[in-house]
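Residue numbers (this note's numbering): 0 to 260.
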């Protein structure tokens, strides 16, 4: 090969190290705030190291580091709100739509707080709730303006197109998608007791840059969630403006420029 591109992971290390010994140009990408072990082992032989967060630059060799943002799936930018309405069986409405995402397995704490707020939230919002496998509450199936789904696949791009506000965990890939789509968002990062703390760092970075509101999991209650979503809705234009100025929505183009040399 003329060039190696690596996103990390333990299987990448021997490939990248071999490329270095063979003098093959190598570019790696770090999605998280702090480089993982595989990328730390690969950085010495890499030509360029791409990253998603400004704070990551301090951990990288200055001559190699490039702030590109994180590449996202092109199809996510091509969603259709009318297709989403048909999928959900909804008519169009002037009510804003909130999309709730608790990660691949859902989030018990987000699910619980949200469902306790449904009576009040549904007065102002329509809600699409991706609650995770096995987390459906069939007693809520008949509620108007509330759709609960265990998970979605190809439909996600259309749900994004329909959504005006997002409630989400703070995984690096997920929040980079929200930034590229310029969706006002409230992040509830995994607590330090349930993770290595990377989501907390991700959320704090986006809050600092004006891209996101953050509600710590240990402070999550039905009351705090309701208050935070109200504040997010009132200030959504501020977040959209900040995200539109980020310069990180064209990560693929920046990375391809590096790959082409």
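Ideal placement from N, C-alpha and C gives every residue a C-beta, glycine not left out.
Reduced DSSP category for residue i - H, G, I as helix; E, B as strand; rest coil
i	result
residue 83	helix
residue 29	strand
residue 45	coil
residue 10	coil
residue 108	helix
residue 205	helix
residue 132	coil
residue 226	helix
residue 38	helix
residue 59	coil
residue 72	coil
Proximity below 9 Å, CB of residue i to CB of residue j
i	j	result
residue 213	residue 186	yes
residue 169	residue 127	no
residue 45	residue 61	no
residue 176	residue 105	no
residue 124	residue 94	yes
residue 30	residue 172	yes
residue 51	residue 25	no
residue 36	residue 100	no
residue 147	residue 163	no
Cβ neighbour criterion (16 or more within 10 Å) applied to residue i
i	result
residue 69	buried
residue 38	buried
residue 91	exposed
residue 8	exposed
residue 41	buried
residue 216	buried
residue 192	exposed
residue 81	exposed
residue 261	In the structure displayed, the chain extends from 0 to 260; residue 261 sits before or after that span and is not available.
residue 242	buried
residue 122	exposed
Cross-strand partners of residue i (DSSP beta bridge)
i	result
residue 145	126
residue 165	98, 184
residue 5	27
residue 64	48
residue 213	186
Residue i at chain D interface by Cβ criterion, 9 Å
i	result
residue 180	As a matter of chain content, chain D is missing from the structure shown, which is built from one protein chain.
Of the residues the options, the one placed nearest residue i, counting alpha carbons only
i	options	result
residue 72	118, 178, 219	178
residue 57	32, 160, 76, 77	32
residue 161	174, 182, 240	182
residue 120	224, 1, 257	224
residue 235	209, 256, 257, 18	209
residue 256	18, 16, 102, 66	66
residue 230	111, 118, 184, 49	184
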